[in-house]
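Undergrad: Quick one: structure below, then a few questions.
In full-length UniProt numbering, the protein residues as written are 1 to 118.
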């Protein structure tokens, strides 16, 4: 395993058309209330994983769920993935509280999210 190997799935974002309805459904599914609740995003924490609801796909314009893999060195992992054939969908960016994310598209069109917490 390389020093930049993924640690595992950390976050899954789901685009939703009706945030209130989706919040009720995911609250029932997960059995916990959301820890983050706003008009632009609702987030749940469960067993070390984060489940996010993004109205209308948010600024990323996601149309399917996006899985974010936690990595210790996001710059290196991003470079390795692009060298292996992925193309960048969303460039590396800071999303607050020490978290940095990026998204790539694999050769089959799947979106892979990367995240690093500092």
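Just so you know, even glycine gets a beta-carbon here, dropped at the ideal spot from N, CA and C. Keep in mind it's a predicted model, so treat the numbers as computed, not measured.
For the stretch 38-111, list the alpha helix (DSSP H) runs that are entirely contained and at least 4 residues long, ordered along the chain.
TA: Here the runs fully enclosed are 74-83.
Undergrad: Ends of the beta strand (DSSP E) at residue 31?
TA: Careful: residue 31 lies outside any beta strand (DSSP E) and carries neither H nor E.
Undergrad: Use the C-beta contact count for residue 68: other C-beta atoms within 10 angstroms, 16 or more gives buried, fewer gives exposed.
TA: Buried, because 16 or more other Cβ atoms sit within 10 Å of the Cβ of residue 68.
Undergrad: Taking contact to mean 3 or more Cβ pairs, one atom from each stretch, closer than 8 Å, check whether the stretch 6-24 and the stretch 41-57 are in contact.
TA: The stretch 6-24, when compared against the stretch 41-57, does touch it at the 8 Å Cβ threshold.
Undergrad: For residue 115, list the residues DSSP reports as bridge partners.
TA: Partner(s): 70 and 101.
Undergrad: According to the Cβ coordinates, are residue 73 and residue 86 closer than 8 Å?
TA: Contact: no.
Undergrad: What's the call for residue 77, buried or exposed, on a 16-neighbour Cβ count within 10 Å?
TA: Residue 77 should be labelled buried.
Undergrad: Could you check where the beta strand (DSSP E) with residue 10 kicks off and where it finishes?
TA: Start and end: 8-16.
Undergrad: Comparing C-alpha positions only, which one of 102, 40, 28 and 24 sits nearest to residue 79?
TA: With distances taken between Cα atoms, residue 79 lies closest to 102.
Undergrad: Under 8 Å Cβ to Cβ from residue 64, same chain only, skipping five residues before and after it: list those, please.
TA: Within the same chain, residue 64 has close Cβ partners 15 and 111.
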